[in-house]
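**Q**
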């Protein structure tokens, strides 16, 4: 028996990626391909009064210009059930169907030309007159509203809770009441959004940057009023996405429309600046937390309120307050979530959507409460450990959070830290240590896969899943090899094509638990067909070209009787320049309870990536919103700062032992999101330990530190 | 990017002729800033005159002075052993500039002429007096965290972003120019101009002039110099505030002091008052702090950039102490 | 493809000195030029010969004028003749015209490093250079790095150290690492971190990237 699960094999797609052979969306070579460039609105709210395309049409190489003036009407039919990745209230942006402008950066026309240079410059020749109406540019809490019923039904209600939090808070011996916030963040995956559309009669093929090809197919079929069978979406490699390629953004529709009107393949790549305006963002969120505890440091009340941003045309809501409802044992919890409509592109999920930010608020509050109670932050959390999910009133299918605290604290040397803030000084640097809990609910969706064995002894496993970087190709190859008792070299795993068996969204850390079990099921079924012995020998005996097996895997009753989550503990050392306000992170130690670790080498990379993302969230990232213009002003990678290599020093990742075979047969709980949560609050808590000042508004930049230092 | 005509010049005269004979001419060498400005539609030149083949790439450095070609790449200067020995301040600044890839192509002359990073200047859809004279300044009431606090006007608060010019001001560098009216020499300290009521013109260069060389006088501060750059992330970012300091010490006493700041002024900002407060005085932490406090005389906050009023004196103080070996 | 027989810094050093000699010659400082060449020969005679040969075989760069023209690019040792728009960047020429899509477009503004290629051995952002300006220079892209199908030590180290996730920034990271190792300027982890900071990895593979560069340097040095 070949045991591949748990092995540190190198990424199977590594050779393709290090030689430039991996093919991303804009890299498919099609004959006669034309290039498209968007014209985007330069006002946030109003209507287009006049749109003059004559100069653009006359420019060299221009094939056509499409706008609401000449674009065909599109059905934009409603799905039976809204995709989980879309906002559950409001209506998606319809492209080129009317003169309304709902946000600055909204695509209002597209130019198709022979070359990219020609399309780009012709797009600048489109002249537009607008009638502007007053925009909503300020995030004014007085304009906020509760999510409507459809949003609430999707698990994001305005109010949640248990017990009687108000009186419990007021009656608590120890209380804190804090506000905190984080700025709008942009995914900024290295690969900009891109789509190539090609029509063959009434059949459309899209080469797209997507985390969910099946959903792109459904969405485009609904928009164009086509049968889904006539749409094929291909996305074998995704250059990072972090949530930005979950939805089917308007540019995908535009590429398809332009290709149809031009009657030739069209490639549409968004510029980096355009990615800031029309492909989502993590919404800025304002939070208020009130915690009450007794003298023994037992939580008596949690009241957590949050206000997020959304667009004027959709209600995008996040699970910001889920952590408050379940992460700690507390009989009295009240959460309240509201949205403020603004003239901006609809926000969308970004790595650990809602949770990363809600955990930030909760975990800095827990740190403050621990101090008020005179307890070590780890001890305080242990005293309030939730042995079961008190919100759902269910046991956890597994929970190794206590092991995470112990592992990470030991590796970090937590017991040696200075407990008095602002006392650990090395020349002008203030050294501080902080920690936080990491948390992300685990989910699993139904998924299908097909395994085919060929006469030469190789196996091809296919499913329409995605791999934006976490290592789907590698993990699935390992699972297939183990199930079929083969080596990884004998297995070829393929994904990212709607011609393959249906798969759920590649997001929310669900891929391994969902697709992985379908891969195992398909391979097991194939093996049964081959007599359950040596599959290669059986193939030889059969004498057939190929033998295939399909299978579906889905969650069962366990999902109703257990609560499943990934947990972790993050410990951080910071060095704060007491004079210039800069923060450096010499080390981070994280211990994670993610169940079965299929490939520790790759899972570790993913956790390290989460730490780097959390570092950016804590210290650097903010889309600078001009409320008068309703425009992100630093829409580039020079002024929207993400961490660079020099920002990152020692990052240590540990895994708590254990596998969650109740949650799913593999026992994995997901890595991507948990790896981000907990990092930013641990950094903020460490900054407090270093400086004696609580900085509660992210990112913690030198200007904010200089206010107190 | 709008269409343009491209011409490659083989020597300075060809370049100047091409410049004078073309509509909407613009010089390009390393292209690292020009490319951004073209792509973001900040510039729309009719003709791009490529001067990258001109023979101004020398790096001749010795104890009695330096002659550095305007087309020398930043990396070539930063990594030159003689630069490191005689002008460590310059080497240090260049190593903290941009990225490996940019330093490998960006030229010395081009670096001096890089334009502001003001978010509104770089976004062609907003009001900006520097980009479109008379259109207004959206930065004054907008996202102006990176903008200038010194040398601003009612028209413009854009900060000059570079650091090398700051070091060159401290080093008393001169630039050599070729132009339609012949060659001339200009102190780096007089190259840039404050916006006043004409923010569109960043420099005192005349139309068609090309920087050919940067000359440095004999090395003075190799023993006692420092550059301090405050920024959000460790590297690959322009300065929120920076300071370059060169000292000549006489025992513990400052005999000569040259101090200038970057990231805070509309031009590389010389700080003569800080210098005067140091000269003839024994260098101490207290003296450095007192002198550095003068760096923000006349400074004005526009809102988000108000923290620079606190940051700049600290950056200057740290640079003074580091230069004096007391940090 | 690799400078395995010669410490990488020596080659670059020799080249730099010969180039200074050629400049001196242009200024009619023949004696100085002679001295410099002698100095360079002592460091790396092969490199001196190759620079001098390049010099004699390359006529002065052709002068283009216009908004589109025919150019010749030398990519991975192969000559490519193509008609381009004056606006075409080296990156666009590689990706859209020559279908060499291993060089990635990340920002088109020199701010992310995904498009890093080697120009005469030095790492540059292909998006920051007009294609016409690359004429007369040797361009090496990720596609040309693996000699005879054998991975370059940096490529191999990136796989071994798992220095990548989505892979989109990876070719640029590798090309910059190769350029810096050749230049011989990486003497500490901090220098690697600083030198590699022009290559943004949004997946956050930085620790693996530092390890990979170190591992490759060790292998190349052996």
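Residue numbers (this note's numbering), protein chains in the order written: chain Y, 184 to 892; chain R, 2 to 328; chain P, 36 to 257.
Backbone N, C-alpha and C fix where the C-beta goes; we use that ideal spot for every residue, glycine too.
(1) For residue 421 of chain Y, which residues in chain P fall below 7 Å Cβ to Cβ?
(2) Is it right to say residue 180 of chain Y is buried, meaning 16 or more other beta carbons lie within 10 angstroms of its own, or is it exposed?
(3) I'd like the span of the beta strand (DSSP E) that includes residue 633 of chain Y, first residue to last.
(4) Does the distance from the CB of residue 242 of chain Y to the CB of residue 301 of chain Y come in under 8 Å?
(5) Which residues in the same chain have their Cβ closer than 7 Å to the Cβ of residue 435 of chain Y, if we skip the five residues on either side of it in sequence?
(6) By how many angstroms is the C-alpha of residue 781 of chain Y removed from the C-alpha of residue 456 of chain Y?
(7) Can at least three beta-carbon pairs, one atom from the stretch 25-34 of chain R and one from the stretch 290-308 of chain Y, be found at a separation below 8 Å?
(8) Would you say residue 236 of chain R faces chain Y, with C-beta separation under 8 Å as the test?
(9) Using alpha carbons as the reference points, say which of P:131, P:187 and P:203 lies closest to residue 250 of chain P.
(10) Give the interface partners of residue 121 of chain P over in chain R, defined as CB-CB distance under 9 Å, in chain order.
(11) Helix, strand or coil, according to DSSP, for residue 620 of chain Y in the structure here?
(12) On the DSSP bridge list, what partners appear for residue 517 of chain Y?
(13) What are the boundary residues of the beta strand (DSSP E) that includes residue 315 of chain Y?
(14) Thinking residue 201 of chain P and residue 246 of chain P are a contact (beta carbons under 8 Å), I'd like their distance in whole angstroms, please.
(15) Would you call the stretch 225-239 of chain R and the stretch 220-238 of chain P in contact, with 3 or more CB pairs under 8 Å?
(16) Within a Cβ cutoff of 6 Å, which residues of the same chain sit near residue 96 of chain R, ignoring the five residues on either side of it in sequence?
(17) Counting only the same chain and skipping the five closest in sequence on each side, list residues whose C-beta sits under 6 Å from that of residue 94 of chain R.
(18) Spatial neighbours of residue 195 of chain Y within its chain, please: C-beta separation below 8 Å, excluding the five flanking residues on both sides.
(19) Counting pairs of beta carbons, one from the stretch 136-147 of chain R and one from the stretch 807-814 of chain Y, are three or more of them closer than 8 Å?
(20) Taking the beta strand (DSSP E) that residue 675 of chain Y belongs to, which residues open and close that run?
(21) If you measure between the beta carbons of residue 172 of chain P and residue 154 of chain P, is that distance less than 8 Å?
(22) Note down, in chain order, each residue of its chain lying with its Cβ closer than 7 Å to the Cβ of residue 161 of chain R, except the 5 sequence neighbours on either side.
(23) List, in chain order, every chain P residue whose beta-carbon is nearer than 8 Å to that of residue 294 of chain Y.
(24) Looking at the structure shown, is residue 585 of chain Y part of a helix, part of a strand, or coil, going by DSSP?
(25) Is it buried or exposed for residue 895 of chain Y, if we count other Cβ within 10 angstroms and need 16 for buried?
(26) Could you check if residue 819 of chain Y is buried or exposed, using at least 16 other CB atoms within 10 Å of its CB as the buried criterion?
(27) Pull up the distance between the alpha-carbon of residue 234 of chain Y and that of residue 226 of chain Y, whole angstroms please.
(28) Report yes or no: do the stretch 96-114 of chain R and the stretch 244-262 of chain R share at least 3 C-beta pairs separated by less than 8 Å?
(29) What residues of chain A sit near residue 164 of chain P, judged by a beta carbon separation below 8 Å?
(30) Indicate whether the contact test is met: 3 or more Cβ pairs, each with one atom in the stretch 608-619 of chain Y and one in the stretch 861-873 of chain Y, closer than 8 Å.
(31) Could you please give the first and the last residue of the uninterrupted beta strand (DSSP E) stretch that includes residue 206 of chain P?
(32) Would you give the residue range spanned by the beta strand (DSSP E) that residue 147 of chain P belongs to?
(33) Can you pull the chain P residues whose beta carbon is under 8 Å from the beta carbon of residue 621 of chain Y, in chain order?
(34) DSSP on residue 251 of chain R, reduced to helix/strand/coil?
(35) Using a threshold of 8 Å, state whether the C-beta atoms of residue 213 of chain R and residue 191 of chain R are closer than that.
(36) If we call anything under 8 Å between Cβ atoms a contact, is residue 170 of chain P one with residue 137 of chain P?
**A** In short, the structure shows the following:
(1) 201
(2) Here chain Y has residues from 184 to 892 only, and residue 180 of chain Y is not among them.
(3) 630-637
(4) yes
(5) 378, 389, 391, 399 and 403
(6) Approximately 38 Å between the Cα atoms of the pair.
(7) no
(8) yes
(9) When only C-alpha atoms are compared, the closest one is P:187.
(10) 4, 5, 6, 7 and 49
(11) Strand at residue 620 of chain Y.
(12) Y:344 and Y:486
(13) 310-315
(14) So it is not a contact: roughly 18 Å between Cβ atoms.
(15) yes
(16) 79
(17) 164, 165, 168 and 228
(18) 656, 657, 660, 671 and 676
(19) yes
(20) Note, residue 675 of chain Y: beta strand (DSSP E), 674-678.
(21) Their beta carbons are under 8 Å apart, which means residue 172 of chain P touches residue 154 of chain P by this criterion.
(22) 117, 193, 266, 267, 268 and 269
(23) Correct list: empty, because the minimum Cβ distance to chain P is about 15 Å.
(24) helix
(25) Lying before the first or after the last residue shown, residue 895 of chain Y is absent from chain Y, which here runs from 184 to 892.
(26) buried
(27) If I take the Cα positions, the gap works out to 14 Å.
(28) no
(29) Protein chains Y, R and P are contained in the structure displayed, whereas chain A is not.
(30) yes
(31) Taken as a continuous stretch (DSSP letters only), residue 206 of chain P belongs to no beta strand (DSSP E), being part of the alpha helix (DSSP H) at 205-218.
(32) Residue 147 of chain P -> no beta strand (DSSP E), and no H or E assigned at all.
(33) Residues of chain P passing the Cβ test: none, with the nearest at roughly 15 Å.
(34) Correct three-state label for residue 251 of chain R: strand.
(35) no
(36) no
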